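A short write-up of the structure that comes next.
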Amino acid sequence: MFLSGKPFGPEYLMDKQVVLVTLNYRLGPLGFLSTEDSIVPGNNGLKDQLLALKWVRRNIDKFGGDPNRISLAGTSAGGASVHFHVLSPQSKGLFTHGIIMSGTVLNPWPMTENALEKTKRLSSELGCPTLNTAEMVDCLRTRPADQIVGKSKLFIPWVYNPFTPFGPVVETPNPTSFIQTEPLDTILSKEASDIPLLFSYAADEGLYPGGEIISNEKLLAELDSRWAELLPHLLDYNFTTPQNRQKEVADSIRSFYLGNKDVSNSRAEIIQMIGDRLFVVGIRESARLHAELYRSPSYAYVFQFKGLKRGFMNTNIFDGVSHCDDLAYIFKKEFPWGPIGSDEESKKVSRFMVDTWINFITDSMDTTNWLDLKQSLPGFGYLEISGSSRASNLFKVDKKDAEDFWRSLRFQENMQKRIHSEL
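Counting in full-length UniProt numbering, the sequence shown runs from 1 upward without gaps.
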């Protein structure tokens, strides 16, 4: 969990028969540095989560919980983390339900590209050797943590993109490997845990990180003039497309989303483009594959409620529902923008969201409102949540237009060895 457990207050859940446990884990190079060998295999942040999950399994009965009915939930990097646990053999049998919000293993940002090269550059910047991984790591251990974390900005070339330069990797084979094969291979080979899953995303996911960009004329102009150069960083394909194809790919993306419009007149299209690439396409693909290949039910919703308090918009220009906004209706968040609005409709939506979680983890989903994704294949079926009433929450089925476009670009993702090593 980013920040700490404190911003995610339990108040909205405490009228229900559940025990809430929040956890923290290491991030950035401290949590996900890898030498791609046995010295530092990687995924320490995920292994922190695994250790906490095992502790909960052993001890939750002391707090009135049921060790045989543990549900994992997360948003953004937390959503991808839950999905990694669904796939990892190390987590099998430790939990029974997964709630995967605004992030999955098939999004472009969870898996790290060029992990060893990044570790070597980090080491060099901190005055450590780079030829021998054991010596390199011994030296890094003598450097202050704040210096190591501070060097992360070297891997974020524009604004704060890509926003996860250090993340999970496929590990060298060993008994404690958390990620043993490429995530897509694990899903397709039906080796993931076959448990009920609830997927979701917000209507305007691209407001993170796009809100800051569309609110700043200087950034918009820079994106327009340096489109082919900046887009691989903003949309996280710098290491999954050869340099000699990057302009072609950038031009294709511009044509698909913007047509002939200038960037400055395409704020909504920019948000859609970022949201599709960084979140929506991967979430839909993940949900669809689990529905196709596994027996347990999979459900999905798209959060569209425009409450009085919305968090990650970073803009007053675009009135949307941003990445993580639905969290504020499940947890009493103590972030700077405050908790949900005090209006009656926001409170009702909060109760609906909490009831959805509780019904899902107790296998009590209202089948008049919710359909297993299997019933909408090959489309993507989801509940559109735009208010508290049954009339405002409609089940819809979408086609795969955006997914087909992004697939046509042939990014070399879900591969351990990347195309080029320059950073």
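Ideal Cβ positions, reconstructed from N, Cα and C, are used throughout, including at glycine. Bear in mind that the values here come from a model prediction, so they are computed numbers and not experimental data.
Residues in its own chain within less than 6 Å of L409 by CB, not counting five upstream and five downstream?
V249
Helix, strand or coil for Y299? Go by DSSP, reduced to three states.
strand
Rounded to whole angstroms, what is the Cα-Cα separation between W158 and I214?
14 Å
Taking the alpha helix (DSSP H) that N359 falls in, what are its first and last residues?
344 to 361
What do you reckon, are the CB atoms on K62 and F178 nearer than 7 Å?
no
With a threshold of 16 other CB atoms inside 10 Å of the CB of S364, please say whether the residue is buried or exposed.
exposed
Beta-carbon within less than 7 Å of K399's beta-carbon, same chain only, minus the 5 sequence neighbours each way: which residues are those?
G379
Is it right to say E413 is buried, meaning 16 or more other beta carbons lie within 10 angstroms of its own, or is it exposed?
buried
Three-state secondary structure (DSSP) at F380?
Assigned with DSSP and collapsed to three states, F380 falls in strand.
CB Y382 to CB A300, shorter than 7 Å?
yes
Taking Cβ positions, are P374 and L293 nearer each other than 7 Å?
Sequence inspection shows Lys at residue 374; the Pro mentioned does not correspond to that position. Their beta carbons are not under 7 Å apart, which means K374 does not touch L293 by this criterion.
P10: which of F331, A115, E403 sits nearest, CA to CA?
F331
Fully enclosed by the stretch 181 to 218, which beta strand (DSSP E) runs are 3 residues long or longer?
With a minimum length of 3 residues, the continuous beta strand (DSSP E) runs that stay inside the stretch 181 to 218 are 197 to 202.
Could you give the distance in angstroms between the alpha-carbon of L131 and the alpha-carbon of G42?
18 Å
Among residues of its own chain, excluding the 5 on either side of D224, which ones have a beta-carbon nearer than 6 Å to its beta-carbon?
Taking D224 as the centre and dropping the five residues before and after it, the same chain places the C-beta of V263 closer than 6 Å to its C-beta, in chain order.
Please classify M101 as buried or exposed, where buried requires at least 16 neighbouring CB atoms within 10 angstroms.
Note on M101: 16 or more other CB atoms within 10 angstroms of its CB, so buried under the neighbour-count rule.
Name the DSSP beta bridge partners of I100, please?
G74, F199
Along the alpha helix (DSSP H) that carries Q137, what are the first and last residues, could you check?
The amino acid at residue 137 is misidentified as Gln; the sequence shows Val. Note, V137: alpha helix (DSSP H), 133 to 140.
Would the stretch 86 to 102 and the stretch 182 to 197 be scored as touching if the rule is three or more Cβ pairs under 8 Å?
yes
Indicate whether L116 and C128 have their beta-carbon atoms separated by less than 7 Å.
no
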